[in-house]
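Asks: Just so it is clear: in the sequence shown, position 25 is 33 by my numbering, and no numbers are missing.
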Amino acid sequence: MHVLVTGAAGFIGAAVAARLLERGDTVCGIDNLNDYYDPTLKRARLALLTARPGFRFERIDVADRQAMSEVFSGHRFDALVHLAAQAGVRYSLQNPAAYIDSNLVGFGNILEYVRRNGIGHLVFASSSSVYGANAKLPFAESDAVDHPISLYAATKKANELMAHSYAHLYSIPVSGLRFFTVYGPWGRPDMALFKFTAHMLAGKAIPIFNRGDMMRDFTYVDDIVEGVVRVVDRPAAPDPSWSADAPDPATSRAPYRIFNIGNNRPVQLMRYVEVLEQSLGVKATLELLPMQAGDVPATMADVSALEAAVGYRPSTPIEIGVARFVEWYKSYYAVAPRAQAPRA
């Protein structure tokens, strides 16, 4: 296949591009290499990709309509995996304009590009954040998601609605993937595991929101990638059983599907910290804080639809995933081994 991957220098984008290249696909990656977090990390991910045959890169912002049309005019892709977005729930409270530009204007440009260039399948990243004020666990794709509690979540819900309209109007196969708390090697510095590791190694307290009464469906990045690639290979199709009298939000008469990709085994935040302490050999100092605006106390993915559609469900336990992250972090940042205390 010939695949266009947006956000190819990002955490998940780089991992997806690498997996596609490993199986023999050709990949064109685009990214704007913005400074939301240290671009050095993005360039390091990108360097690993550019060293592989079958990969080319274009520095483009998906919100730049003219650049998108000029660079890719005349190019044909079998699939487009759209992972470029302004990420982060908390940052959306500080810089809402970045979310409007990237997640709404940028996604609109992607839809138009797909429509005008006959892309065979659009796969795009949504988020577990769309479940918002929902309290029923596990979160299922058939649940209503009409009460987002952050602008980030609202933009991801908007993406799903925009995608459905294009699937309906132009018969474009579209699949949206709701990711659940992704972690692992090459992760984002603004996410909990990365931040906790950096603080603990520096002897700083780690911020624990809602005073630790949090539960997350932590999902290892390789599991996310496997789910993405399997969905890429199964273009969405109309659901003949879909009923307008009892509409299922996750399917449609149009070629449109929504899937959760999560570990389906939520973990208490304090257990996550314990596993990190064991992997680092460092005891954490905790800064207990109240719940942050836009956050939710618990997430858990119902992945039965994903398993039924592509025969896959994530399975990596945090004990393995966190250890792999720590191993990568120490190697990437050249963290020296900690001295062992002398025995009595």
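We put the beta carbon where it would ideally sit given N, CA and C, even for glycine. Since the structure is predicted, the reported quantities are computational estimates derived from the model, not experimental observations.
(1) Got a sec? Which residues, its chain only, sit under 6 Å from glycine 140 by beta carbon, not counting five neighbours each side?
(2) What residue range is occupied by the uninterrupted alpha helix (DSSP H) comprising alanine 342?
(3) With a 10 Å radius around its C-beta and 16 neighbouring C-beta atoms as the bar for buried, classify proline 305 as buried or exposed.
(4) How is the beta strand (DSSP E) around serine 135 delimited, first residue to last?
(5) Can you grab the Cα-Cα spacing for the pair phenylalanine 217 / lysine 144, in whole Å?
(6) Tell me, which residues are paired with leucine 88 by DSSP?
(7) Does the contact criterion of 3 or more C-beta pairs under 8 Å hold for the region 288-295 versus the region 240-248?
(8) Leaving out the 5 sequence neighbours to the left and right, which residues in its chain are closer than 8 Å to valine 330 when beta-carbon positions are compared?
(9) Could you pull the start and end residues of the beta strand (DSSP E) that asparagine 268 belongs to?
(10) Could you check the C-alpha separation between isoleucine 180 and serine 249 for me, to the nearest Å?
(11) How long is the line joining the alpha carbons of arginine 273 and leucine 185, rounded to whole angstroms?
(12) Would you kindly report the start and end of the unbroken beta strand (DSSP E) that includes proline 215?
(13) Please confirm if the region 90-97 is in contact with the region 58-66, defined as three or more CB-CB distances below 8 Å between the two stretches.
(14) Along the alpha helix (DSSP H) that carries glutamate 149, what are the first and last residues, could you check?
(15) Counting only beta-carbon atoms, is histidine 207 nearer than 7 Å to chain E?
(16) Is it buried or exposed for isoleucine 20, if we count other Cβ within 10 angstroms and need 16 for buried?
(17) Buried or exposed: which applies to aspartate 256, given that a residue is buried once 16 or more other Cβ atoms fall within 10 Å of its Cβ?
(18) Alpha helix (DSSP H) containing isoleucine 232: first to last residue?
(19) Quick one: is methionine 299 buried, meaning 16 or more other Cβ sit within 10 Å of its Cβ, or exposed?
(20) Given this structure, state the Cα-to-Cα distance separating arginine 321 from lysine 203, to the nearest angstrom.
(21) Give the list of continuous beta strand (DSSP E) stretches no shorter than 3 residues that lie fully inside the region 265-306.
(22) From which residue to which residue does the beta strand (DSSP E) around valine 97 run?
(23) Should glutamate 168 be labelled buried (16 or more other beta-carbon atoms within 10 Å of its own) or exposed?
(24) Looking at the strands, I want to know which residues DSSP matches up with glutamate 66.
(25) Starting from the C-beta of tyrosine 337, find all residues in its chain whose C-beta is less than 6 Å away, skip the five residues before and the five after it, and write them out in chain order.
(26) On the three-pair Cβ rule with 8 Å, is the region 261-277 touching the region 306-315?
(27) By DSSP's criteria, phenylalanine 187 is part of a beta bridge. Which residues make up the other side?
(28) Counting pairs of beta carbons, one from the region 44-63 and one from the region 13-28, are three or more of them closer than 8 Å?
(29) Tell me the rounded alpha-carbon separation between leucine 297 and tyrosine 264.
(30) Any idea what DSSP makes of arginine 53, helix, strand or coil?
(31) With which residues is asparagine 224 paired in a DSSP beta bridge?
(32) Would you kindly check if the distance between the Cβ of valine 153 and the Cβ of lysine 165 is under 7 Å?
(33) Roughly how many whole angstroms lie between the Cα atoms of lysine 50 and glycine 32?
(34) Valine 113 by DSSP, collapsed to three states: which one?
Replies: A quick look at the data gives this:
(1) His155, Pro156, Ile157, Ala161
(2) Run containing alanine 342: none; DSSP gives neither H nor E here.
(3) exposed
(4) 130-135
(5) 21 Å
(6) Leu12, Leu130
(7) no
(8) Tyr191, Leu201, Tyr280, Val283, Leu284, Ser287
(9) 264-269
(10) 19 Å
(11) 18 Å
(12) 214-216
(13) no
(14) No alpha helix (DSSP H) holds glutamate 149; DSSP gives it neither H nor E.
(15) Given the protein chain composition of this structure (a single chain), no chain E is represented.
(16) buried
(17) exposed
(18) 229-240
(19) exposed
(20) 27 Å
(21) 294-296
(22) Neither: valine 97 is in no beta strand (DSSP E) and is coded neither H nor E.
(23) buried
(24) Ile38
(25) Thr205
(26) yes
(27) Ser135, Ile269
(28) yes
(29) 40 Å
(30) helix
(31) The amino acid occupying residue 224 in the given sequence is arginine; asparagine does not appear at that position. Note: arginine 224 sits in a beta bridge opposite Val275.
(32) yes
(33) 23 Å
(34) helix
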